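Asker:
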Amino acid sequence: KNEVEQSPQNLTAQEGEFITINCSYSVGISALHWLQQHPGGGIVSLFMLSSGKKKHGRLIATINIQEKHSSLHITASHPRDSAVYICAFARGATNKLIFGTGTLLAVQP
Amino acid sequence: EPEVTQTPSHQVTQMGQEVILRCVPISNHLYFYWYRQILGQKVEFLVSFYNNEISEKSEIFDDQFSVERPDGSNFTLKIRSTKLEDSAMYFCASMTLGQVEETQYFGPGTRLLVL
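Protein chains in written order, with the working numbering: chain F, 1 to 109; chain P, 1001 to 1115.
1. Report the three-state DSSP secondary structure of E15(F) (helix, strand or coil).
2. Taking 8 Å as the CB-CB cut-off, is K96(F) touching chain P?
3. For chain P, find out if any of its Cβ atoms is closer than 8 Å to the Cβ of T103(F); answer yes or no.
4. Please report the distance separating the alpha-carbon of H73(F) from that of S1058(P).
5. Let me check understanding here. Comparing Cα to Cα, which of P1008(P), P1002(P), T1110(P), C1092(P) lies closest to L1046(P)?
6. Locate the beta strand (DSSP E) running through Q6(F), then write down its first and last residues.
7. How do the region 48-60 of chain F and the region 1010-1017 of chain P stand: do at least 3 beta-carbon pairs fall below 8 Å, yes or no?
8. Kindly list the residues whose CB is nearer than 8 Å to the CB of S11(F), restricted to its own chain and excluding five residues on each side of it in sequence; keep chain order.
9. Can you give me the C-alpha to C-alpha distance between L1113(P) and Q66(F), rounded to a whole angstrom?
10. Check L1077(P) in the structure and name its three-state DSSP category.
11. Determine the DSSP secondary structure at L1084(P), reduced to helix, strand or coil.
12. Please report how far the alpha carbon of P1025(P) lies from the alpha carbon of G1107(P), in whole angstroms.
13. When burial is assigned at 16 or more other CB atoms within 10 Å of the CB, is M1089(P) buried or exposed?
14. Roughly how many whole angstroms lie between the Cα atoms of N95(F) and E1101(P)?
15. So for R1111(P), helix, strand or coil by DSSP?
16. So, for N64(F): in the same chain, excluding its five sequence neighbours on each side, which residues have a beta-carbon less than 8 Å away from its beta-carbon?
17. Which chain F residues sit within Cβ distance under 7 Å of V1005(P)?
18. Do you know offhand how far G1016(P)'s Cα is from H56(F)'s?
19. According to DSSP, A83(F) sits in a beta bridge with which residue or residues?
20. Should R1090(P) be flagged as near chain F, meaning a C-beta pair shorter than 8 Å?
21. Taking buried to mean at least 16 other C-beta atoms within 10 Å of its own C-beta, is D1071(P) buried or exposed?
22. Of the choices C87(F), T101(F), P109(F), Q108(F), whose alpha-carbon is the least far from that of I29(F)?
23. With a 10 Å radius around its C-beta and 16 neighbouring C-beta atoms as the bar for buried, classify H178(F) as buried or exposed.
24. Short of 7 Å in beta carbon distance, which residues of its chain neighbour P109(F), apart from the five on each side in sequence? Order them along the chain.
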């Protein structure tokens, strides 16, 4: 069973829509990461958060540590937001990342 | 802005051949990782490296795999005798202090295809 579950797996939106991607995890963690994987494959870290909310431009990430749930929101979505969005958490003494399966987002003009 | 680099971007090899994937982490980072992503699947941890030795490895990281930091800047992943199932995207990542609330910086990946 995956320790990190994301929903939806696939999401198609029209340009300008507000988008929400959800992440649930089954173990206690200190912090959760949101990452973006571009169509070419490269991975970029978007947020690392351990409580509350963080905002960067049109991206907002929230986390509820007690409920083991995090959300990534994109306001005023744009076709360039099309990518795979992945949540992950760090585990163990080496803080290796455990990844979710990702949400494939397509924003249509 | 400093970034993690990886070479080559793509590699095609025959089954049974050795491959070496190269990474140059960000210069002041101390913790290094290799991850892989088989097409259509999630990213998986392979190995972490600190202070010139492996600090943790996954079940995937068997005797066919090895890592080293030969010259203080490069960080390499070697697969001794490639199998078809080694075909994947391989990502190198690094971070400064290895702390839980710290960002890992990823390289652009090497796409390996084993024929």
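A virtual CB, placed ideally from N, CA and C, is assigned to each residue, including glycine. A quick note: this is a predicted structure, and the numbers were derived from the prediction, not measured.
Answerer: Result, derived from the coordinates:
1. coil
2. yes
3. no
4. 32 Å
5. C1092(P)
6. 4-7
7. no
8. Before going on, a small fix: residue 11(F) reads as Leu here, not Ser. Within the same chain, L11(F) has close Cβ partners I19, I21, T103, L104, L105, A106.
9. 42 Å
10. strand
11. helix
12. 8 Å
13. buried
14. 9 Å
15. strand
16. S70
17. Checking the displayed sequence, the identity of residue 1005(P) turns out to be Thr instead of Val. Here the premise fails: no neighbours, minimum Cβ distance about 11 Å.
18. 46 Å
19. L105(F)
20. It is Tyr, not Arg, that sits at residue 1090(P) in the sequence shown. Chain F, which has no Cβ nearer than 8 Å to the Cβ of Y1090(P), makes this no.
21. exposed
22. C87(F)
23. Chain F is shown only over 1 to 109; residue 178(F) falls outside these bounds and no answer can be derived.
24. E15, P79
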